[in-house]
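Let me begin by presenting the structure, written as structure tokens, before commenting on it.
Written out as structure tokens, the structure is:
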């Protein structure tokens with residue numbers, strides 16, 4: 001393994017000069033810097049994480065807090081994780097994945113022990129108990145989600161309230177007067193998970209504004225749960241003609257169960273959903289959907305946290321506007 005001593009000898013400089021070039025902690029002449037960089041490339045030198053941390057007082061690690069709780073959809077979660085890992089790599093950062101539901105104190109523990117220079121936090125609740133602590137952490141923190149009380153915090157997310165309004169409005173515009181929201185698993189609502197409650201609020205406000213009859217049905221994954229949920233949704237007294245589905249994990253099962261009941265989409269029942277585009281496109285019936293832009297959201301979260309690492313940057317909230325793609329799964333009455 002090539003060492004910093006060999007790089008110094010090759011470039012004709014001291015070991016401390018090489019260290020300063022790597023860390024940027026002191027001003028080095030452009031000629032010397034170029035000579036050191038050429039030696040690094042020529043020798044194939046890669047500074048180890050420990051040396052890098054000592055030189056810069058940084059770990060070059062980004063902490064990603066994503067508690068693996070009941071009701072989370074792992075394939076979608078992993079799209080976010082993959083985007084954050086890939087984006088962090090562009091900044092020469094590794095990612096420390098923290099999946100334990102540790103509650104308040106976790107952010108302080110991670111930063112106080114120099115395990116990570118900054119934190120991205122997922123699975124944010126509307127009334128999140130971690131919020132007071134996050135305001136006191138001596139490190140940049142970005143929430144991938146938006147709590148009700150986000151004063152002084154940096155957040156990025158999809159505008160789920162607008163998404164709920166748009167999906168209800170899409171069906172109302174096509175003449176549907178009785179629609180149902182098949183929502184996330186009950187545990188997600190019981191925790192007060194921010195994205196689910198915001199979408200529900202948007203759905204309810206739009207159906208009330210349009211004078212559309214609406215019902216809400218949380219749905220756990222699994223065939224029996226989906227079948228029981230459809231029994232409620234399709235009860236004759238409801239007269240349901242359109243479904244808004246906010247539950248990626250059940251989409252395939254839902255469509256298969258509708259087919260088993262000889263219900264055609266969109267001939268007998270219109271369906272619109274919120275999920276990643278690749279999921280909506282690959283289902284037995286491609287669904288009209290609002291995209292979950294996991295790749296974009298993950299990249300923005302990393303961009304925001306890195307901006308706070310390198311410069312003074314005021315807190316900000318970025319809500320991405322929903323993008324609806326019509327794939328023909330909703331009909332006009």
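Residue numbers (full-length UniProt numbering): 1 to 333.
Yeah, the Cβ is synthetic: ideal placement off N, Cα and C, and Gly gets one too.
Since this is a predicted model, take the numbers as computed values, not measurements.
- A check of alpha carbon separations from residue 310 across 98, 140, 258 and 83 identifies 140 as the nearest.
- Put simply, the backbone Cα of residue 60 is about 7 Å away from that of residue 92.
- Around the Cβ of residue 99, a 10 Å sphere holds fewer than 16 other Cβ atoms; the residue is exposed.
- Minimum Cα-Cα distance from residue 204 among the listed residues 167, 220, 97 and 237 corresponds to 167.
- In the three-state reduction of the DSSP assignment, residue 330 falls in the coil class.
- Less than 8 Å separates the beta-carbon of residue 292 from that of residue 275.
- Under DSSP, residue 183 shares a beta bridge with 218.
- 79 is the residue among 245, 79, 177 and 231 whose C-alpha sits nearest the C-alpha of residue 299.
- For the pair residue 73 and residue 305, the Cα-to-Cα distance works out to about 25 Å.
- When C-beta atoms of the stretch 188 to 197 are compared with those of the stretch 122 to 130, three or more pairs fall below 8 Å, so the two segments count as touching.
- In this structure, the alpha-carbon of residue 307 lies about 43 Å from that of residue 215.
- A contact between stretches requires three or more CB pairs, one per stretch, nearer than 8 Å, and the stretch 215 to 225 fails this requirement with the stretch 137 to 151.
- Between the stretch 220 to 227 and the stretch 148 to 163 there are fewer than three C-beta pairs closer than 8 Å, too few to call the two in contact.
- Note: residue 270 is bridge-paired with 242 in the DSSP secondary-structure output.
- In the DSSP secondary-structure assignment, residue 154 is bridged to 142.
- For residue 202, the uninterrupted alpha helix (DSSP H) segment begins and ends at 194 to 209.
- Between the stretch 82 to 92 and the stretch 248 to 259, the count of Cβ pairs shorter than 8 Å is below three; the stretches do not touch.
- If you draw a 10 Å sphere on the C-beta of residue 34, you find fewer than 16 other C-beta atoms in it, and that means exposed.
- The alpha-carbon separation between residue 297 and residue 320 amounts to approximately 8 Å.
- A residue is called buried once 16 or more other Cβ atoms fall within 10 Å of its Cβ, and residue 235, having fewer, is exposed.
- With 16 or more other CB atoms across the displayed protein chains lying within 10 angstroms of its CB, residue 130 is buried.
- Judged by pairs of C-beta atoms under 8 Å, the stretch 168 to 182 touches the stretch 269 to 286, as three or more such pairs exist.
- Apart from the 5 residues on each side of it in sequence, residue 233 sits with its Cβ closer than 8 Å to the Cβ of 180, 182, 215, 217, 240 and 243 in its chain, given in chain order.
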